[in-house]
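Asker: Numbering-wise, the numbering used here puts 27 at position 27 of the sequence shown, and it's gapless, one number per residue.
Built from N, CA and C at the ideal position, the CB exists for glycine as well.
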Amino acid sequence: MGLKWIDSLDIALDLIELHPEVDPLKIHFTDLRAWVLALENFDDDPAHCGERVLEAIQLAWISEVD
Numbered sequence: 001m002g003l004k005w006i007d008s009l010d011i012a013l014d015l016i017e018l019h020p021e022v023d024p025l026k027i028h029f030t031d032l033r034a035w036v037l038a039l040e041n042f043d044d045d046p047a048h049c050g051e052r053v054l055e056a057i058q059l060a061w062i063s064e065v066d
C-alpha cells in the first residue's frame, strides 16, 4: 500500500533518507510537494495536497532531524 498525504511522518522519513543535506526549515513548499510526488511509494491524488498537508510533513521532518 502506498503513502498518502496523511502519512506525514512516513513521508518525512523517506525524504530525510533521500535528501539528508536539506534543512527542512528552509525548504520551499513547491519543492517539498514535488519531492513527495516523486517518492516511489507515494500513491495519492496530487490535488489533495494543500498548505496544511505540506506544513505537517515539514513539521514531522523537523522533529525527526532534531
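1. Which of the three DSSP states, helix, strand or coil, is assigned to residue 3?
2. Identify the residues that DSSP records as bridge partners of residue 29: which are they?
3. For the alpha helix (DSSP H) containing residue 51, name the first residue and the last one.
4. Report the rounded CA-to-CA distance for residue 59 versus residue 3, giving the unit in angstroms.
5. Determine the contact status of residue 46 and residue 37, defining contact as a CB-CB distance below 9 Å.
Answerer: Considering the structure as presented:
1. strand
2. Note: residue 29 sits in no beta bridge, so no partner.
3. Residue 51 -> alpha helix (DSSP H) spans 51-65.
4. 17 Å
5. Contact flag set, yes.
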